[in-house]
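K.L.:
The sequence shown begins at 3 in this note's numbering and counts up by one. The beta-carbon is built from N, C-alpha and C at its ideal position, and this holds for glycine as well. The structure under discussion is supplied below as structure tokens; questions concerning it will follow.
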Amino acid sequence: MATATSISAAGGSTGRRYGPRHRWIVLAVGVGAQGSFAAMFAGIPVTGIAMRADYHLSIGQLGLALACLGLGVAVSDIVWGLLTDRYGDRRVLLIGLTSTGGLLALMAAAVTPGDGAGVAALAACLLAAGALGGSVNGASGRAVMTWFADGERGLAMSIRQTAIPAGGSLGVAVLPWLAHSYGFRAVYAFPAVLCLIAAAATWRWLPTSDAPPPAATGDVGRSPLARWDVWRVALASALLTVPQFAVLSFTAIFLHDDKGQGAALAGVTILIAQIGGGAARIWTGRRTDRRGNRGAYLRGIGALTGVAMAAAAVLTQAPTPITVAALALGGLLANSWHGVAYTEIAALAGPARAGTALGLEGTTVFGAAFLTPLLIPVVLTVASWEAVWALAAAAALLAIPLVPRPRAVTAR
């Protein structure tokens with residue numbers, strides 16, 4: 003169990019002591035930061051039908067614009083991780099959340115269809131939003147890793163990662179409705195407010211440490227960027243991201259174009275995947291804390307996700323409720339592995355290097371999030387929706403052999 007230590011107060015004054023229970027407040031701040039970014043990151047793609055119509059985009063242009071969110075995170079996450087290890091979680095979170103909220107406010111004011119914004123301006127702003135918002139991945143994760151001891155990290159990191167489907171579910175539920183009822187000014191203003199609230203909570207409750215946080219013990223060790231076992235976890239996570247973002251980004255388009263359904267059914271499907279995946283993250287985080295089998299869990303979820311997405315491919319032309327059920331199950335499974343994977347890669351690196359390792363994880367995960375929306379329109383051009391879901395299944399199955407076995411995990 004972590005013990006209390008004397009560290010700086012959130013506002014910069016010194017001498018205030020924080021006991022072990024403060025780690026749960028730190029976790030709550032991390033959840034808020036991650037959730038505010040996730041509301042934007044998951045919610046904006048589900049406005050795809052309205053975005054395509056209001057901005058007058060082709061499906062290829064829509065895929066490019068949505069992919070820029072993931073690209074922004076992918077190109078910036080390692081940098082944010084290195085900065086977090088160098089300057090601390092609080093500074094990076096404050097800079098990232100404030101700048102993301104400001105950019106979204108600017109988009110609400112000047113980058114809407116009513117302002118005459120086209121695909122170039124939209125894609126550039128979404129790229130910047132991803133790059134700035136990606137700061138929360140390594141910074142909030144490092145805060146959790148340093149404040150929680152090893153026997154609680156899986157649970158704590160899984161709770162933090164559950165903020166992604168929870169915040170994403172909020173975005174999925176609210177942003178399409180805002181787009182339909184009030185337009186894209188409201189779509190961008192809503193996550194802007196969330197990011198600024200999260201920044202205020204960070205300022206108030208996340209301490210600035212003059213000494214290491216309670217659980218941050220151990221030597222610095224070799225850079226995670228030079229270790230193959232760390233890279234294997236990151237690459238396996240990237241492959242598991244493909245089915246997640248295939249479901250997240252294109253379920254609405256698939257149900258609209260192929261099944262003649264509106265955005266409501268797509269929203270329900272994605273909500274099931276997000277909420278169910280979030281619950282699974284917490285359960286597996288606690289379970290793997292007790293059993294220490296994070297690698298075995300990641301291999302198992304790769305197999306189950308592959309089977310579920312293969313079923314979605316086979317059932318593409320089945321009655322809509324059956325197809326939707328297969329997609330919801332595949333999406334749920336594809337949303338359930340994150341807490342365990344992020345814990346594993348951060349534990350491999352150690353608390354002092356956790357920001358860099360989590361930055362690498364974010365780079366590969368969001369790199370896959372960038373490539374997936376670009377690849378799917380190409381697959382649709384030359385093949386069909388069956389091929390799209392089959393590709394998602396193949397990616398999940400390819401992740402299985404990449405996850406390190408126990409000997410590879412413990413080797414330095």
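Here's the rule I'm using: 16 or more other beta-carbon atoms within 10 Å means buried, otherwise exposed. How should S2 be labelled?
P.N.:
Not covered by the structure: residue 2. The range shown for the chain is 3 to 414.
K.L.:
Where do the ends of the alpha helix (DSSP H) carrying A58 lie?
P.N.:
Per the sequence shown, the amino acid found at residue 58 is His instead of Ala. It is not in any alpha helix (DSSP H) - H58 carries neither H nor E in the DSSP assignment.
K.L.:
Can you tell me whether Y184 is helix, strand or coil according to DSSP?
P.N.:
Three-state result, Y184: coil.
K.L.:
Could you pull out every residue in the same chain whose Cβ sits closer than 8 angstroms to the Cβ of A188, ignoring the five residues on either side in sequence?
P.N.:
Result list for A188: A110, L180 and A181, in chain order.
K.L.:
Just to confirm before moving on: does the CB-CB distance between R234 and L404 stay below 8 angstroms?
P.N.:
Result yes, Cβ atoms of R234 and L404 sit closer than 8 angstroms.
K.L.:
According to DSSP, is Q246 helix, strand or coil?
P.N.:
Residue state, collapsed to three classes: helix.
K.L.:
Could you give the DSSP three-state label for T114: helix, strand or coil?
P.N.:
Here T114 sits in coil by DSSP.
K.L.:
Measure the alpha-carbon distance for L85 versus T322 and round it to whole angstroms.
P.N.:
Cα-Cα distance, rounded: 47 angstroms.
K.L.:
Decide if the segment 184-199 is in contact with the segment 300-314; the criterion is three or more beta carbon pairs, one per stretch, under 8 angstroms apart.
P.N.:
Counting Cβ pairs under 8 angstroms, fewer than three are found: no touch.
K.L.:
Considering just the uninterrupted stretch of the alpha helix (DSSP H) at F368, what are its terminal residues?
P.N.:
A356 to V384 is the extent of the alpha helix (DSSP H) around F368.
K.L.:
Rounded C-beta distance between G302 and V249? I'm assuming under 8 angstroms.
P.N.:
Not really, about 19 angstroms apart at Cβ, beyond 8 angstroms.
K.L.:
Specify, as a first and last residue, the run of the alpha helix (DSSP H) that P403 falls within.
P.N.:
Here P403 belongs to no alpha helix (DSSP H), and DSSP marks it neither H nor E.
K.L.:
Since R92 and L208 should fall inside the 8 angstroms C-beta cutoff, what is the C-beta to C-beta distance between them, to a whole number of angstroms?
P.N.:
Indeed, because the Cβ distance is near 5 angstroms, the residues count as touching under 8 angstroms.
K.L.:
Sorted by chain position, which residues of the same chain lie with C-beta nearer than 7 angstroms to G34's C-beta, five sequence neighbours on each side aside?
P.N.:
Hits under 7 angstroms: A200 and A203.
K.L.:
Check each candidate in L382, A313 and L227 and name the one with the smallest Cα separation from D259.
P.N.:
Per the Cα distances, L382.
K.L.:
Exposed or buried, what is V146 when buried is set at 16 or more other beta-carbons lying within 10 Å of its beta-carbon?
P.N.:
It counts as buried.
K.L.:
Pick from L329, L335 and L373: whose alpha carbon is nearest that of E388?
P.N.:
Measuring from the Cα of E388, the nearest candidate turns out to be L329.
K.L.:
Going by C-alpha distance, which of G278, I402 and S78 is nearest A165?
P.N.:
Checking every option, the nearest Cα to that of A165 belongs to G278.
K.L.:
Out of A320, A130, V48 and T271, which one is the CA nearest neighbour of L105?
P.N.:
With distances taken between Cα atoms, L105 lies closest to A130.
K.L.:
Do A158 and L360 have their beta-carbon atoms positioned less than 8 angstroms apart in this structure?
P.N.:
Taking 8 angstroms as the Cβ cut-off, L360 and A158 do not qualify as a contacting pair.
K.L.:
Evaluate Y184 with the Cβ neighbour count: other Cβ atoms within 10 Å of its Cβ, from every protein chain shown; 16 or more gives buried, anything less gives exposed.
P.N.:
Y184 is exposed by the Cβ-count criterion.
K.L.:
Compute the Euclidean distance between the alpha carbons of S239 and E363, then round it to the nearest angstrom.
P.N.:
Distance between the alpha carbons of S239 and E363: 7 angstroms.
K.L.:
Please list the terminal residues of the continuous alpha helix (DSSP H) segment that includes Q276.
P.N.:
A265 to R293 is the span of the alpha helix (DSSP H), which, as asked, contains Q276.
K.L.:
Could you give the DSSP three-state label for F43: helix, strand or coil?
P.N.:
Residue state, collapsed to three classes: helix.
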